[in-house]
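This report concerns only the one structure given below.
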Amino acid sequence: MDKLDEIIEGYKDIKGGLIPVLQKTQEIFGYLPKDGLRKIAKALAIPESHIYGVVTFYSQFSLSPHNKYVIKVCRGTACHVQGAKKIISAVSKVTGLKEGKTPPPNSKFSFETVACVGVCALSPVMVINDSYFGKMTPKKVRTILGQYES
Ligand code: FES
């Protein structure tokens with residue numbers, strides 16, 4: 070955690086420093102480890118619950134380690150109304166992964182759900198790394214994930 074100490078030290082007196090601390094922490098570890106978040110909360114005198122609120126709101130942050138391809142299914146209001154549950158179920162079925170659970174290292178995929186990713190007109194939406202897929206259906210999930218598996 071020495072690197073984390075350096076990051077915190079650089080931002081602890083800066084108002085609004087939480088987001089850059091979280092971004093830099095994720096750059097180092099590839100995700101935001103729970104013990105790191107506790108340390109950040111204590112050092113910045115911010116309640117852990119507030120930090121978890123920030124981390125779970127912004128889709129760029131992850132609380133679990135990632136594999137090569139990170140699948141994010143939006144469960145925001147527009148996507149929920151348009152069938153996000155079916156998309157989540159289809160991703161689980163195709164990959165064998167449960168959302169938010171640490172994936173086995175031999176899987177190419179990590180899987181999580183996120184709040185709105187900002188393209189509600191395309192709902193329901195799935196994101197794989199930096200690629201956005203809109204108007205998703207379970208059939209499209211199978212087709213798209215099949216392309217990533219080959
Ligand atoms: S609610 Fe899913 S993109 Fe906005």
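Be aware that the sequence shown starts at 70, since it is given in this note's numbering, and climbs by one per residue.
Using N, Cα and C, we set each Cβ at its ideal position, and we do this for glycine too.
C-alpha of Val183 to C-alpha of Pro116: approximately 22 angstroms in a straight line. Bridge pairing for Phe202: Met195 [DSSP].
Val124 is positioned such that its CB atom lies closer than 8 angstroms to that of Leu132.
In its chain, beyond the 5 residues on either side, Val194, Tyr201 and Gly203 have a beta carbon closer than 8 angstroms to the beta carbon of Val188. Residue side-chain check: Gly145 places its Cβ nearer than 7 angstroms to a non-hydrogen atom of the ligand FES.
Of the candidates Asp74, Thr146 and Pro134, Pro134 places its Cα closest to the Cα of Gly99. Contact check for Pro174 against Leu166 fails: the beta carbons are separated by 8 angstroms or more.
In chain order, Leu91, Thr94, Gln95, Val124, Phe130, Ser131 and Leu132 place their CB closer than 7 angstroms to the CB of Leu101, counting only its own chain and leaving out the 5 sequence neighbours on each side. Around the beta carbon of Glu78, fewer than 16 other beta carbons lie within 10 angstroms, which makes this residue exposed. Counting only the Cα atoms, Pro89 lies some 25 angstroms from Lys170. In this structure, Ser192 has its CB closer than 7 angstroms to one or more heavy atoms of the ligand FES. The beta carbons of Ala159 and Val210 sit closer together than 8 angstroms. Taken from the Cβ of Gly152, every heavy atom of the ligand FES lies 7 angstroms or farther away.
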